[in-house]
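Q: Protein chains in written order, with our numbering: chain A, 472 to 950; chain B, 12 to 420; chain C, 81 to 486.
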Amino acid sequence: MTVSDTSRLVLDEPYARPILVDGARDLASITDRVCGVVERPTPPRAWYVAITITSCLTLMLFAMVGYLIATGVGVWGNNSPAFWGWDIVNFVFWVGIAHAGTLISAILFLLRQKWRTSINRAAEAMTLFAVCCAGLYPAVHVGRVWVAYWLFPVPNQMQMWPNFRSPLLWDVFAVSTYATVSLLFWYMGLLPDLATLRDRATSGLKRGLYGFFALGWCGSARHWQRFERAYLILAALATPLVLSVHSVVSFDFAVSQVPGWHTTIFPPYFVAGAIFSGFGMVVTTMVPARELFGLKELITLRHLENMNKVILATGSIVGLAYATEFFIAWYGGNPYERFVFLNRALGPYWWAYWLMIFCNVVAPQFLWIKKIRTNLLFMFVISIFVNIGMWLERFVIVVTSLTRDYIPSSWGYFKPTAVDVCTFVGTIGLFLTLFLLFCRFLPMVAIAEVKTILPAAHGHGAHGKHGGEGRPGREVSHG
Amino acid sequence: MSAPHTESAPRQGDQVLGPRAGRWATPALAVGVLGLAAALGLGWQRGDGFSRLQHSWLVACAFFLTLSLGGLFFVIIQHLTRAGWSVVVRRVAELVAANTAVVALLFAPLVLGVLLSNDGLYPWADAERVHGNPLLSAKAAFLDPRFFAARCIVYFAVWWLLGRWLLARSTEQDRVSGPEPTLALERRSAPAMAAFALSLNFAGFDLIMSVNPTWYSTIFGVYIFGGSVMSFFAAAVLALRFLQSRGFLTREVSVEHYHDLGKFLFAFVFFWGYIAFSQFMLIWYADLPEETFWFKTRMEGPWAAVSWVLLFGHFVLPFLGLLSRHAKRRLALLTLWAVWLLAMHAVDLFWLVMPSAETSGVLVSPMDLASFAAVGGFWIFSLLRLARGRSLLPVGDPRLPQSLAFENF
Amino acid sequence: MAERATNTGAGELHALLAEFDDVDAVSGAARALRDAGYRRFEVYSPFPIHGIERSMGLSPTRLPWIALGAGLTGTSLALFFQWWTNAVDYPFKISGKPLFGIPANIPVTFEFTVLLASFGAFFGMLILNRLPEHHRPVFENPRFRRATDDGFFLAVEVDDPRFDPRATRALLEQHTRRPLEECRDSGQTRELPGSVRAALVSVAALGLLPLAGVVWARSQDSSRPPIHVVNDMDSQPRYRAQAANPVFSDGRAMRSDALGTQAFGELPRPGTITTGKQGDAWTESFPVPVTPAFLARGRERFAIYCTPCHGQSGYGDGLVALRAAELQEQNWVQPSSLHDPLVRARPVGQLFDTVVNGVRTMPAYGRQIPREDAWAVVAYVRALQRSQNAAQADVPPTERAKLGAQ
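1) Take every Cβ of the segment 90-99 of chain C, pair it with every Cβ of the segment 220-235 of chain C, and state whether three or more of those distances are shorter than 8 Å.
2) Using CA atoms only, rank isn't needed, just tell me which of C:His-214, C:Ala-473, C:Leu-159, C:Phe-172 is closest to Pro-187 (chain C).
3) Would you mind sorting His-142 (chain B) into buried or exposed? The rule is 16 or more other CB atoms within 10 Å of its CB.
4) Please state the DSSP three-state secondary structure of Asp-265 (chain C).
5) Would you list the residues sitting across from Lys-496 (chain C) in a DSSP beta bridge?
6) Which residues bound the alpha helix (DSSP H) around Phe-741 (chain A)?
7) Between the segment 692-706 of chain A and the segment 716-725 of chain A, can you find at least three pairs of beta-carbon atoms closer than 8 Å?
8) For Asn-223 (chain B), list the residues DSSP reports as bridge partners.
9) Taking a contact to mean a Cβ-Cβ separation below 8 Å, would you say Ala-619 (chain A) touches Val-613 (chain A) in this structure?
10) For chain C, find out if any of its Cβ atoms is closer than 8 Å to the Cβ of Asp-298 (chain B); answer yes or no.
11) Put Ala-416 (chain B) into one of helix, strand or coil per three-state DSSP.
12) Could you run through the segment 679-690 of chain A and flag, in chain order, every residue whose CB is less than 9 Å away from some CB of chain C?
13) Return the Cβ separation of Ala-109 (chain B) and Gly-33 (chain B) in integer angstroms, given the expectation that the two are a contact with Cβ distance under 8 Å.
14) Closer than 8 Å, CB to CB, is Val-563 (chain A) near chain B or not?
15) Whole angstroms is fine: what's the gap from Gln-468 (chain C)'s alpha carbon to Pro-388 (chain C)'s?
16) Tell me the rounded alpha-carbon separation between Tyr-802 (chain A) and Ala-816 (chain A).
17) Between Lys-177 (chain C) and chain A, is the shortest Cβ-Cβ distance under 8 Å, so that the two count as touching?
18) Under three-state DSSP, which class holds Arg-210 (chain C)?
19) Answer with buried or exposed for Gln-392 (chain C), where buried requires no fewer than 16 other C-beta atoms within 10 angstroms of its C-beta.
20) I want to see whether chain C comes within less than 8 Å of Trp-171 (chain B), judged by CB atoms only; does it?
21) Can you give me the start and stop residues for the alpha helix (DSSP H) that Ala-405 (chain C) sits inside?
22) For Thr-845 (chain A), which of A:Ala-650, A:Leu-775, A:Gln-584 has the nearest alpha-carbon?
23) Compute the distance between the beta-carbons of Leu-763 (chain A) and Pro-515 (chain A), then report whether it is under 8 Å.
24) With three or more beta-carbon pairs closer than 8 Å as the criterion, would you say the segment 110-120 of chain B touches the segment 337-356 of chain B?
25) Report the three-state DSSP secondary structure of Tyr-296 (chain B) (helix, strand or coil).
26) Could you name the residues that DSSP lists as bridge partners for Gln-358 (chain C)?
27) Between the Cα of Gly-690 (chain A) and those of C:Phe-232, C:Glu-409, C:Ile-146, spot the shortest distance and give me the residue it belongs to.
28) Tell me the residue span of the beta strand (DSSP E) that contains Tyr-502 (chain C).
29) Please classify Glu-311 (chain B): does DSSP put it in a helix, a strand, or coil?
30) Is the CB of Ala-85 (chain C) under 8 Å away from at least one CB in chain A?
31) Hey, which unbroken runs of the alpha helix (DSSP H) at 4 residues or more fall wholly within the segment 55-98 of chain B?
32) With a threshold of 7 Å on Cβ separation, who are the neighbours of Leu-78 (chain B) within its own chain once the five nearest residues in sequence on each side are excluded?
33) Tell me which residue opens and which closes the alpha helix (DSSP H) that His-570 (chain A) is part of.
34) Measure the beta-carbon distance from Thr-182 (chain B) to Arg-401 (chain B) and round it to whole angstroms, keeping in mind my assumption that it falls under 8 Å.
35) For Ile-182 (chain C), count neighbouring C-beta atoms within 10 Å of its own C-beta (all shown protein chains included) and say buried if the count is 16 or more, exposed if not.
36) With DSSP run on the structure shown, which of helix, strand or coil describes Ala-531 (chain A)?
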């Protein structure tokens with residue numbers, strides 16, 4: 472649970488680049504450790520317990536979705552004036568979660584933050600699973616799911632085309648592009664590791680399956696050269712993409728004239744919030760996962776601490792955005808805007824607002840204290856707060872504005888139905904089920920990438936010159 | 012651990028401007044004084060109670076202020092992330108970041124004008140005008156001359172203190188052998204960043220957005236931030252090229268460092284474009300008259316051309332031009348883009364401020380050039396005074412060897 | 081999938097395989113081979129070795145250009161497609177936005193650019209690397225499995241013009257202490273086995289079947305009703321207009337208003353204004369004063385209620401009529417031209433009655449158009465008739481002079 476004293480010394484020593492993994496420091500032991508999780512004949516008992524619970528929840532999700540399709544969207548609590556309810560709240564919540572993966576894989580890669588290598592694979596997988604959960608909502612909320620293909624520009628018998636000027640269609644393109652590019656990025660990173668599993672496989676079936684998906688990867692220098700270039704290009708493309716996705720989601724709200732929705736800071740503020748919530752979820756899942764699968768030496772406390780720093784930073788940005796929004800609502804002088812913001816804090820949803828402020832703005836501030844941000848229990852609790860807070864943020868934005876619009880006669884109070892609640896709980900089940908399956912059957916840590924940060928990856932040519940840790944020129948800006 | 016950094020560190024004497032700073036400072040001071048005289052003369056001649064001059068002066072002050080603020084951001088984030096690559100270019104950034112006191116002095120007359128109820132620049136400074144306008148009186152509690160002056164003092168105090176503290180600790184590291192100053196910088200950089208973000212965000216509203224007091228945009232502070240950081244990277248490239256052409260930092264700063272600066276320049280060109288598009292598109296789409304009027308004045312008449320120049324000059328062309336790895340590593344090309352983008356940053360600030368003073372006809376006045384010369388001259392003079400006795404390289408920085416050996420992949 | 085039989089030494093010599101202890105050794109060997117002029121050799125490692133491409137003398141990859149090309153294709157495709165669908169093929173105005181306004185079309189353009197550029201990078205990488213690859217002779221060496229774990233390998237192919245069994249071996253042995261191995265080509269082809277290929281082709285062919293079915297169905301004319309997998313709202317438990325309903329004594333599903341029903345906001349007013357008659361005859365004069373404002377009102381109502389069938393100028397060429405003519409609807413009755421001499425000869429009272437109560441297939445508008453407005457429509461119809469049948473004498477003398485001058 473604690474990093475050994477010697478490594479702590481190395482970590483905080485500005486004269487040398489820190490060594491990012493503990494214990495396993497040679498190539499073969501990294502392979503063994505990561506592949507061991509996949510290769511062990513039976514997973515830990517806790518895994519069985521967890522997946523039993525989560526698959527029950529997933530089944531509940533399927534039941535709810537089936538009920539919704541058979542009956543109609545009336546089974547949800549959406550009704551005048553709140554035509555958007557938990558469906559859009561949950562959609563934005565899950566899309567937000569999906570942002571950490573690409574941030575870790577792409578942006579931190581471009582910024583040469585090497586500590587990302589231990590966590591990027593799992594975070595990217597979470598991105599995909601969160602996008603699955605998010606994509607479910609727009610697909611089923613159309614009511615007649617069998618015509619959901621109308622969202623895409625497919626030639627059809629009505630001789631109509633979708634309206635490309637609508638932010639809802641931008642959403643379709645943004646989320647589907649994001650899902651596709653994330654999948655490619657994740658799969659490409661998996662290729663060398665699948666080849667490793669293939670070459671270690673003991674049974675023909677495993678070798679066949681891993682071999683099929685490894686596409687015949689052999690680790691030749693020519694392959695690596697193009698692989699690295701493709702990785703860099705995908706990272707460079709994914710960086711603006713990740714900005715665009717949550718910006719487009721924010722456009723759904725901000726292009727409208729609804730008070731509390733139409734404000735220009737929404738795009739960057741949503742992106743910051745998405746990263747915040749995504750890192751919250753990564754900490755929530757990685758803290759137990761690294762215990763469960765014995766990966767504490769690869770996913771060290773230092774990694775978790777760095778993530779907590781990102782949570783603190785993005786949480787503070789979100790707080791600043793709240794303050795700016797509140798201030799400009801007053802400064803703009805528009806009485807409707809002023810009312811909506813006062814109503815958020817003092818109206819019928821005051822509890823959601825203040826809980827959100829506590830979870831998103833106050834709770835992360837505890838991470839200023841090193842003792843707290845390196846304590847597993849505290850960071851786990853705070854990350855749970857972050858998850859709750861970011862869900863509430865979307866709830867506050869969607870519901871408070873819709874239930875108090877321009878005409879007081881149409882004001883209302885949104886109440887979710889049992890189907891709403893069960894569907895949301897079900898998506899959590901789906902997310903965790905997919906994550907547990909991923910942990911069991913695929914390498915949770917990017918084996919080849921972690922190897923590149925070991926001293927062995929840099930040869931001995933430059934060894935010993937600068938504090939004994941390889942070629943320092945490549946080891947840059949570690950946070 | 013021993014201090015291996017002493018091995019390859021260059022001798023300190025190589026990297027101090029010394030008397031040469033004085034030789035360059037004198038013409039800068041002369042330009043400043045002449046610019047000031049010309050600006051005042053032209054402003055007097057105009058006979059509009061210095062209203063037009065105040066606008067020019069604000070643009071010029073904002074331009075050099077944003078350079079410093081961009082530098083401040085850069086220095087803080089380097090400490091925050093414990094970056095190694097940037098050590099060789101960091102002192103230049105620290106000097107730029109610490110150079111805010113001169114802007115505070117130059118900006119003071121505008122604040123004084125506000126306190127004296129001169130509404131030539133900030134229409135809300137005149138109590139009678141505010142009283143007659145319900146939109147203005149609604150926010151009179153905030154746009155109050157004395158409160159405004161107090162906020163300005165706080166902003167400049169925060170920036171000045173941050174800049175001086177970062178510079179002082181960093182130069183202290185040049186002299187001492189242990190890593191304590193660096194560790195202190197790392198520890199305090201997080202709260203420093205918080206102070207920076209808060210002050211920049213609200214200063215954007217106060218100094219520039221309130222020139223149009225009925226208009227508002229929540230993203231405005233972020234917009235100013237994007238332009239500031241971009242302009243800083245452009246200025247850093249130019250400053251390093253200048254110093255290298257005079258024989259400083261020639262062995263230390265390599266094409267690898269320029270490549271990284273170029274990457275950040277490119278990234279912030281994109282970031283600026285993203286923020287500018289977000290602001291424009293949301294207002295264009297929602298089409299609310301209380302917001303669109305600000306863009307309408309900038310998209311019709313003579314200002315339309317300036318808007319197009321910004322779209323292409325500040326975003327499309329540099330984006331395409333800096334996309335390639337080769338463009339960032341070919342120094343002549345990178346320098347060209349740096350000059351171009353600095354000019355575009357000036358156009359950007361001009362476009363933000365000036366439409367409230369110039370609604371038709373000729374947009375640029377000799378006053379603008381004179382104000383630029385004045386503020387620029389004094390700013391460079393003060394920068395050289397700061398730099399004179401200090402090493403241009405953080406010779407004692409524990410990560411200097413990493414920065415010297417830095418290589419892009 | 082790579083099949084790995086142990087290297088039995090059978091088959092032709094393919095390459096000389098050397099294993100190295102670390103990155104430096106393998107890079108050194110690669111440099112030595114490069115300097116000796118070798119080209120057909122390959123380094124295998126479990127992770128990318130920094131700078132190995134320079135050590136081997138590889139040229140930079142074309143991948144960025146492929147990604148750039150794909151991205152630009154995405155940009156132009158997205159812009160063209162949005163313009164064509166929303167501004168040309170299916171134009172409709174919505175929320176006051178231009179049919180093709182760049183700000184609203186940027187998000188989709190951006191996403192599509194990124195999507196295609198990513199495809200370019202990913203699939204370009206696969207294609208340039210010739211992946212998926214079924215087999216390589218080096219896979220047949222059991223030691224080679226460690227190339228994805230912790231082994232660093234270098235294979236010099238015998239096809240290299242510089243290859244010399246003894247000299248090459250000596251060169252490699254300078255850089256590694258481990259024994260070299262001969263990598264033989266057992267004749268396993270790099271191509272996919274025939275069975276796998278057949279399976280892939282048949283899956284692809286089967287995948288095309290549904291599409292072919294759709295194309296076939298869409299190209300057929302059929303008089304049968306479409307198959308409804310899901311009924312949506314196509315069949316609902318309700319009576320259609322004009323259908324029969326045995327519940328009512330008159331057998332009609334549509335019910336008429338109860339006797340004495342009045343339109344909202346209008347009280348019954350006896351006399352000409354309601355009936356259009358003076359005594360038993362149609363009135364020839366208007367029961368309300370005709371003013372320019374009244375005519376303007378009539379014109380506006382006419383545009384709303386009458387133009388769909390009768391057309392802007394009243395010739396019976398409204399959009400509905402044109403559409404019906406285009407479709408050659410058999411039951412369609414061409415709307416009358418208001419300039420037909422018969423219609424022009426009718427008294428205003430009768431025109432009023434036509435508006436209010438309908439005639440032949442023209443429905444009654446009395447429930448939609450208040451009486452005053454119906455008179456305004458009639459007044460406008462009269463004006464329209466006059467304008468379309470004007471003589472030169474109708475033009476005021478001053479204007480007539482101008483006409484002559486032209």
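Where is the CB? At the ideal position from N, CA and C, for every residue including glycine.
A: For this structure:
1) yes
2) C:Leu-159
3) exposed
4) strand
5) Beyond the ends of chain C as shown, which are 81 and 486, falls residue 496 (chain C); an answer cannot be given.
6) 737-763
7) no
8) According to DSSP, which records beta bridges pairwise, Asn-223 (chain B) is partnered with nothing at all.
9) yes
10) yes
11) coil
12) Gly-679, Leu-680, Tyr-681, Gly-682, Phe-683, Ala-685, Leu-686, Gly-687, Trp-688, Cys-689, Gly-690
13) About 19 Å; that fails the 8 Å criterion.
14) no
15) 19 Å
16) 17 Å
17) yes
18) coil
19) exposed
20) no
21) 399-407
22) A:Leu-775
23) yes
24) no
25) helix
26) C:Ala-361
27) C:Phe-232
28) Residue 502 (chain C) lies beyond the stretch modelled for chain C, which goes from 81 to 486, so this question has no answer here.
29) coil
30) Bear in mind that a pLDDT of 39 at Ala-85 (chain C), under 50, signals an unreliable position, so the number given afterwards is only what the model happens to contain. It does not: the Cβ of Ala-85 (chain C) has no partner Cβ on chain A nearer than 8 Å.
31) 62-91
32) Val-107, Ser-242, Phe-243, Ala-246
33) 570-573
34) 6 Å
35) exposed
36) The sequence given here has Met at residue 531 (chain A), not Ala. Met-531 (chain A): helix per DSSP, three-state reduction.
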